[in-house]
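Undergrad: Before I ask anything, let me first share the structure, which is written out below as structure tokens.
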Amino acid sequence: MLEITGLGKTYEGRGGVEALRKIDFRVDGGDLVCVVGPSGCGKTTLLKCVAGLLTPTAGEVRVAGRRVTGPPPGMAVVFQEYGRSLFPWMTVRKNVELPLREKKVPAPRRRELVEEALAAVGLADAAAAHPWQLSGGMQQRVAIARAIAYEPRVLLMDEPFAAVDAQTRAELEDLLLTLWRRLGVTTLLVTHDIDEAVYLGRRVIVLSSAPTVVQEDLAVDLPAARDQITTRSAPRFAELRAHVYAQIKQAKGRAAGDRTAGDRAAEESAPPRQVPSPAPRDLKRKTDGRTR
Amino acid sequence: MTRREERAGAPMSAPRAAGLGLLGLACLFAVAEAVPRLGLIDPRHLPPATAIVRRLAAELGDADLWTALGETMRSWAVGLALACCLAVALGVLIDAVPGLRAATASTIEFLRPIPSVALIPLATLLFGAETGSTLLLVVYASFWQVLIQVLYGVADVDPVARETARSYRLGRWARLRHLVWPTALPYVMTGVRLAAAVAFILAVTAELVIGSPGLGLRIQLAQSGGAVTEVYALIVLAGLVGVAVNAVVRAVERRVLAWHPSVRGEVAR
Ligand SMILES: Nc1ncnc2c1ncn2[C@@H]1O[C@H](COP(=O)(O)OP(=O)(O)OP(=O)(O)O)[C@@H](O)[C@H]1O
Ligand SMILES: [Mg+2]
Numbered sequence: 001m002l003e004i005t006g007l008g009k010t011y012e013g014r015g016g017v018e019a020l021r022k023i024d025f026r027v028d029g030g031d032l033v034c035v036v037g038p039s040g041c042g043k044t045t046l047l048k049c050v051a052g053l054l055t056p057t058a059g060e061v062r063v064a065g066r067r068v069t070g071p072p073p074g075m076a077v078v079f080q081e082y083g084r085s086l087f088p089w090m091t092v093r094k095n096v097e098l099p100l101r102e103k104k105v106p107a108p109r110r111r112e113l114v115e116e117a118l119a120a121v122g123l124a125d126a127a128a129a130h131p132w133q134l135s136g137g138m139q140q141r142v143a144i145a146r147a148i149a150y151e152p153r154v155l156l157m158d159e160p161f162a163a164v165d166a167q168t169r170a171e172l173e174d175l176l177l178t179l180w181r182r183l184g185v186t187t188l189l190v191t192h193d194i195d196e197a198v199y200l201g202r203r204v205i206v207l208s209s210a211p212t213v214v215q216e217d218l219a220v221d222l223p224a225a226r227d228q229i230t231t232r233s234a235p236r237f238a239e240l241r242a243h244v245y246a247q248i249k250q251a252k253g254r255a256a257g258d259r260t261a262g263d264r265a266a267e268e269s270a271p272p273r274q275v276p277s278p279a280p281r282d283l284k285r286k287t288d289g290r291t292r
Numbered sequence: 293m294t295r296r297e298e299r300a301g302a303p304m305s306a307p308r309a310a311g312l313g314l315l316g317l318a319c320l321f322a323v324a325e326a327v328p329r330l331g332l333i334d335p336r337h338l339p340p341a342t343a344i345v346r347r348l349a350a351e352l353g354d355a356d357l358w359t360a361l362g363e364t365m366r367s368w369a370v371g372l373a374l375a376c377c378l379a380v381a382l383g384v385l386i387d388a389v390p391g392l393r394a395a396t397a398s399t400i401e402f403l404r405p406i407p408s409v410a411l412i413p414l415a416t417l418l419f420g421a422e423t424g425s426t427l428l429l430v431v432y433a434s435f436w437q438v439l440i441q442v443l444y445g446v447a448d449v450d451p452v453a454r455e456t457a458r459s460y461r462l463g464r465w466a467r468l469r470h471l472v473w474p475t476a477l478p479y480v481m482t483g484v485r486l487a488a489a490v491a492f493i494l495a496v497t498a499e500l501v502i503g504s505p506g507l508g509l510r511i512q513l514a515q516s517g518g519a520v521t522e523v524y525a526l527i528v529l530a531g532l533v534g535v536a537v538n539a540v541v542r543a544v545e546r547r548v549l550a551w552h553p554s555v556r557g558e559v560a561r
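Line by line, the protein sequences are chains A and B. Residues in the first sequence are numbered consecutively from 1, following our numbering. Residues in the second sequence are numbered consecutively from 293, following our numbering.
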């Protein structure tokens with residue numbers, strides 16, 4: 001469904017910033033793949049290239065066999081900055097409906113899709129509200145509703161849950177899994193959170209720090225049905241996250257010599273969850289957080 | 293000027309602010325009454341406030357005054373509307389065509405500071421002492437106010453919102469209508485509010501100087517006829533109309549921008 005071959009992106013400007021060196025991987029139809037990597041390694045850049053919002057400087061992206069030159073049809077993107085991605089001058093319903101109008105979906109079907117999508121994210125009652133009247137978690141759910149109402153074949157998400165609190169985040173993660181299972185939409189989710197990547201993904205793609213390449217392509221062999229408490233406390237989950245963590249640490253260590261000031265600044269401004277603590281303590285903190 | 297700067301200020305409860313405002317007006321009235329009565333200024337040059345008010349009341353009973361006021365307000369409304377349409381159309385065009393902003397920037401910087409009144413000779417040459425002259429000055433003065441704001445507004449589209457619109461494949465027209473225009477609207481409204489005031493000032497000025505029909509001409513006639521109290525009464529009337537104009541535009545602004553952070557605190561929730 002998604003083929004990324006030899007993808008490279010160097011931003012123009014002073015000296016040029018090489019955000020991506022050479023990325024190769026593919027995502028099968030209906031799969032859910034998480035891309036994880038250190039802050040500033042080019043995750044957003046990668047996602048924007050896939051979404052057709054940025055033109056790569058090397059290689060190509062293919063969606064369903066067709067080369068991406070601009071935003072391809074049947075693709076929805078959920079951004080981290082939900083507050084800026086929703087239009088404050090429109091109600092929730094209008095926000096969700098707008099892409100459908102552009103897609104020339106007839107009005108009755110449009111209404112149906114909007115209702116369904118809002119119900120699916122548990123916001124059926126909020127249709128007439130404006131986004132700014134909702135909490136952050138609710139706003140991100142609106143953005144998700146807008147994406148699924150669009151009936152995309154490919155769903156791209158850029159750190160969709162990074163800006164909400166831990167409990168909302170757990171809820172949204174489970175919501176995403178439920179929707180994904182129900183709709184079978186091919187999903188590529190970018191995150192800097194190793195736990196989240198392992199918890200959500202069927203596969204986890206680990207990116208190195210700049211110059212960025214695919215460090216590892218890891219199949220997650222956890223049971224298909226996932227649950228915040230049992231999955232996260234499973235020994236296999238701990239093993240996988242420890243493995244991914246080691247990979248990222250190794251990649252960082254190797255690249256430490258030629259890191260730029262920008263990379264360091266990006267790392268320092270990252271939320272605390274970015275730097276994982278050893279597995280047992282971290283898991284304990286998380287389960288505590290949920291039961292409190 | 294951005295909206296945020298403009299909106300910032302010490303918060304004060306509405307009734308308290310209104311009370312203070314009335315107190316200020318009362319003081320002004322008292323001073324304007326006392327100064328001529330105490331002989332500090334010759335009452336022939338500045339009649340007492342009560343005399344001005346009485347004169348104004350009498351004037352309001354005169355049908356000719358209402359005709360003159362109607363002329364002025366028509367020039368104001370037509371000129372303002374024309375200027376707004378032109379400015380919005382041009383602003384959007386400048387934003388939509390790549391390179392046009394850079395190409396027009398210096399021209400705008402050159403034309404904008406030209407005072408409208410400097411166009412009076414040109415206006416009289418073109419239209420004589422008629423409404424056309426008033427319109428020309430009004431349009432020119434208010435056009436720049438709106439255009440500058442439109443140019444700021446269309447440039448303020450949030451990059452994330454823009455990428456969202458692109459990723460959902462919104463076409464040119466849809467992006468203009470659902471993204472660029474709503475983003476620019478708060479700026480446009482600020483421009484319209486500024487322009488509304490400027491337009492009224494220019495309408496009266498043009499009538500006064502050129503002698504085209506309207507409130508300004510009436511003031512001019514009163515002055516040349518030595519009717520000092522009437523001059524003052526008409527000036528007060530002009531002031532009142534200015535206040536009303538501002539109030540109307542603000543009310544429209546609040547309705548149109550109900551979703552905007554500067555307004556929504558007062559309406560919804
Ligand atoms: N528009 C741009 N112009 C120039 N350089 C850019 C631009 N956008 C990103 N970069 C650079 O490209 C690199 C990758 O940025 P990107 O935003 O893709 O990283 P990221 O992995 O998404 O980071 P984060 O985890 O902080 O979101 C960084 O070094 C960044 O400074
Ligand atoms: Mg990013």
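From the three backbone atoms N, C-alpha and C, an ideal C-beta is built for every residue, glycine too.
Ligand 1 and tyrosine 11(A): does any heavy atom of the ligand fall closer than 8 Å to the residue's C-beta?
TA: The residue given as residue 11(A) occupies position 11 in the first sequence. True, at least one ligand heavy atom lies under 8 Å from that Cβ.
Undergrad: May I have the straight-line CA-CA distance separating serine 554(B) from threonine 482(B), to the nearest angstrom?
TA: Here residue 554(B) corresponds to residue number 262 of the second sequence, with the count starting at 1. Here residue 482(B) corresponds to residue number 190 of the second sequence, with the count starting at 1. C-alpha separation (whole angstroms): 12 Å.
Undergrad: For ligand 1, I want to know if threonine 399(B) counts as a neighbour, meaning its beta carbon is within less than 8 Å of at least one of the ligand's heavy atoms.
TA: Your numbering for residue 399(B) matches position 107 in the second sequence. Result no, Cβ not under 8 Å from ligand 1.
Undergrad: Beta-carbon of alanine 145(A) versus every beta-carbon of chain B: anything under 9 Å?
TA: Locating residue 145(A) in the first sequence gives position 145, where the first residue counts as 1. No, alanine 145(A) does not count as interfacial toward chain B.
Undergrad: When every heavy atom of ligand 1 is checked, does at least one fall within less than 8 Å of the C-beta of alanine 210(A)?
TA: Walking along the first sequence from the start, residue 210(A) turns up at place 210. Yes - ligand 1 has a heavy atom lying nearer than 8 Å to the Cβ of alanine 210(A).
Undergrad: Is there at least one Cβ from chain A nearer than 9 Å to glutamate 455(B)'s Cβ?
TA: Within the second sequence, residue 455(B) is the residue found at index 163, counting from 1. It does: the Cβ of glutamate 455(B) has a partner Cβ on chain A nearer than 9 Å.
Undergrad: Note down the Cα distance separating serine 209(A) from glutamine 250(A), rounded to an integer number of angstroms.
TA: By one-based count along the first sequence, residue 209(A) stands at place 209. By one-based count along the first sequence, residue 250(A) stands at place 250. Near 10 Å, if we compare the C-alpha coordinates of glutamine 250(A) and serine 209(A).
Undergrad: Strictly below 7 Å CB to CB, what residues from chain A border valine 452(B)?
TA: In the second sequence, the residue the question calls residue 452(B) occupies position 160. Neighbours of valine 452(B) on chain A, chain order: Phe79, Glu81, Arg84 and Ser85.
Undergrad: So is the beta-carbon of glycine 42(A) under 8 Å away from any non-hydrogen atom of ligand 1?
TA: Stepping through the first sequence from its first residue, residue 42(A) is reached at position 42. Checking every heavy atom of ligand 1 against the Cβ of glycine 42(A), one is found closer than 8 Å.
Undergrad: Please report how far the alpha carbon of valine 442(B) lies from the alpha carbon of leucine 385(B), in whole angstroms.
TA: Position 150 of the second sequence, counted from the start, is the residue given in the question as residue 442(B). Position 93 of the second sequence, counted from the start, is the residue given in the question as residue 385(B). About 11 Å.
Undergrad: Is valine 213(A) near arginine 21(A), with beta carbons less than 9 Å apart?
TA: Your numbering for residue 213(A) matches position 213 in the first sequence. Your numbering for residue 21(A) matches position 21 in the first sequence. For valine 213(A) and arginine 21(A), yes; Cβs fall inside 9 Å.
Undergrad: As an exercise, report each continuous alpha helix (DSSP H) stretch of at least 4 residues that is fully enclosed by the segment 336-399 of chain B, in chain order.
TA: Segments of the alpha helix (DSSP H) lying fully in the segment 336-399 of chain B: 341-352 and 355-388.
Undergrad: Put methionine 293(B) into one of helix, strand or coil per three-state DSSP.
TA: By 1-based counting over the second sequence, the position of residue 293(B) is 1. With a pLDDT of 43 at methionine 293(B), under the threshold of 50, the modelled position of that residue is not reliable, and no figure is offered here.
Undergrad: With burial defined as no fewer than 16 other Cβ atoms inside 10 Å of the residue's Cβ, what is the status of aspartate 165(A): buried or exposed?
TA: Residue 165(A) sits at position 165 when you count from the first residue of the first sequence. By the neighbour-count rule (16 or more Cβ atoms within 10 Å), aspartate 165(A) is not buried but exposed.
Undergrad: So arginine 153(A) and proline 99(A) are in contact, right, with Cβ under 8 Å, and what is the actual spacing, rounded?
TA: If you number the first sequence from 1, residue 153(A) lands on position 153. If you number the first sequence from 1, residue 99(A) lands on position 99. Going by Cβ atoms, the distance from arginine 153(A) to proline 99(A) rounds to 14 Å, so no, they are not a contact pair.
Undergrad: Please classify arginine 308(B): does DSSP put it in a helix, a strand, or coil?
TA: As a working note, residue 308(B) is residue 16 in the second sequence. It is helical.
Undergrad: From valine 142(A) to threonine 426(B), what distance separates their C-alpha atoms?
TA: The residue you call residue 142(A) lines up with position 142 of the first sequence. The residue you call residue 426(B) lines up with position 134 of the second sequence. So the alpha carbons of these two residues sit roughly 51 Å apart.
Undergrad: The beta strand (DSSP E) with cysteine 34(A) in it runs from where to where?
TA: Within the first sequence, residue 34(A) is the residue found at index 34, counting from 1. Note, cysteine 34(A): beta strand (DSSP E), 32-36.
Undergrad: Can you determine whether any heavy atom of ligand 2 sits closer than 8 Å to the C-beta of glutamine 80(A), and answer yes or no?
TA: In the first sequence, residue 80(A) corresponds to position 80, counting from 1. At least one heavy atom of ligand 2 is nearer than 8 Å to the Cβ of glutamine 80(A), so yes.
Undergrad: Under 8 Å Cβ-Cβ, which residues of chain B neighbour glutamate 102(A)?
TA: As a working note, residue 102(A) is residue 102 in the first sequence. Under the 8 Å cutoff, chain B gives Tyr460, Arg461, Leu462, Gly463 and Ala466.
Undergrad: In terms of DSSP beta bridges, what is isoleucine 229(A) paired with?
TA: The residue labelled residue 229(A) in the question sits at position 229 within the first sequence. Answer by DSSP bridge pairing: none, since isoleucine 229(A) is not bridged.
Undergrad: Going by beta carbon distance, what residues of the same chain come within less than 8 Å of arginine 346(B), once the five residues before and after it are set aside?
TA: For the purposes of this step, residue 346(B) is taken as the residue at position 54 of the second sequence. So no residue of the chain qualifies.
Undergrad: At a cut-off of 8 Å, is leucine 46(A) close to ligand 1 when judged by its beta-carbon and the heavy atoms of the ligand?
TA: The residue given as residue 46(A) occupies position 46 in the first sequence. Yes.
Undergrad: Going along chain B, which residues have a C-beta under 7 Å from proline 99(A)?
TA: Numbered from 1 along the first sequence, position 99 holds the residue referred to as residue 99(A). Result: Tyr460.
Undergrad: Threshold first: 4 residues or longer. Then list the alpha helix (DSSP H) segments lying entirely within the segment 85-147 of chain A, N to C.
TA: Correct list: 92-102 and 107-120.
Undergrad: Select from Gly70(A), Val204(A) and Gln215(A) the residue whose C-alpha is nearest the C-alpha of phenylalanine 237(A).
TA: As a working note, residue 237(A) is residue 237 in the first sequence. Looking at the Cα atoms, Val204(A) is the closest of the given residues.
Undergrad: Identify the continuous beta strand (DSSP E) that holds glutamine 167(A) and give its terminal residues.
TA: Stepping through the first sequence from its first residue, residue 167(A) is reached at position 167. Element bounds for glutamine 167(A): not the beta strand (DSSP E) but the alpha helix (DSSP H), 166-183.
Undergrad: Hey, is serine 39(A) close to ligand 1, as in C-beta under 8 Å from one of its heavy atoms?
TA: As a first step, residue 39(A) must be located in the first sequence, where it is residue number 39. Yes, the Cβ of serine 39(A) comes within 8 Å of a heavy atom of ligand 1.
Undergrad: For the segment 469-486 of chain B, list every residue whose C-beta sits within 9 Å of some C-beta in chain A, in sequence order.
TA: Within the segment 469-486 of chain B, the residues whose Cβ lies closer than 9 Å to some Cβ of chain A are His470, Leu471, Pro474, Thr475 and Leu477, listed in chain order.
Undergrad: Taking all protein chains shown into account, decide if phenylalanine 402(B) is buried (16 or more other Cβ within 10 angstroms of its Cβ) or exposed.
TA: Residue 402(B) sits at position 110 when you count from the first residue of the second sequence. It is exposed - the Cβ of phenylalanine 402(B) has fewer than 16 other Cβ atoms within 10 Å.
Undergrad: Taking threonine 186(A) and leucine 2(A) to be in contact with their CB atoms under 8 Å, please state how far apart those CB atoms are, rounded to whole angstroms.
TA: Taking the first sequence and counting its residues from 1, one reaches residue 186(A) at position 186. Taking the first sequence and counting its residues from 1, one reaches residue 2(A) at position 2. With a Cβ gap of about 7 Å, threonine 186(A) and leucine 2(A) count as contacting.
Undergrad: Strictly under 9 Å for the Cβ-Cβ distance: is arginine 556(B) near chain A by that measure?
TA: Looking up residue 556(B) in the second sequence gives position 264. Interface residue, yes.
Undergrad: Output the distance between the C-alpha atoms of leucine 320(B) and threonine 342(B), rounded to the nearest integer angstrom.
TA: Counted from its first residue, the second sequence places residue 320(B) at position 28. Counted from its first residue, the second sequence places residue 342(B) at position 50. Each residue's Cα considered, the two are about 12 Å apart.
Undergrad: Among the candidates Val33(A), Ala170(A) and Ala149(A), whose CA atom is the shortest distance from the CA of glutamate 112(A)?
TA: For the purposes of this step, residue 112(A) is taken as residue 112 along the first sequence, with counting starting at 1. Taking only the C-alpha atoms, the option nearest glutamate 112(A) is Ala149(A).
Undergrad: DSSP state of alanine 447(B), grouped into three classes?
TA: Residue mapping note: residue 447(B) aligns to position 155 of the second sequence, counting from 1. Residue state, collapsed to three classes: coil.
Undergrad: Answer yes or no: does any C-beta atom of chain B fall closer than 9 Å to that of alanine 270(A)?
TA: Within the first sequence, numbered from 1, the residue matching residue 270(A) stands at position 270. Confidence is the limiting factor: at alanine 270(A) the pLDDT is only 38, short of 50, which leaves the residue's position unreliable and the question unanswerable from this model.
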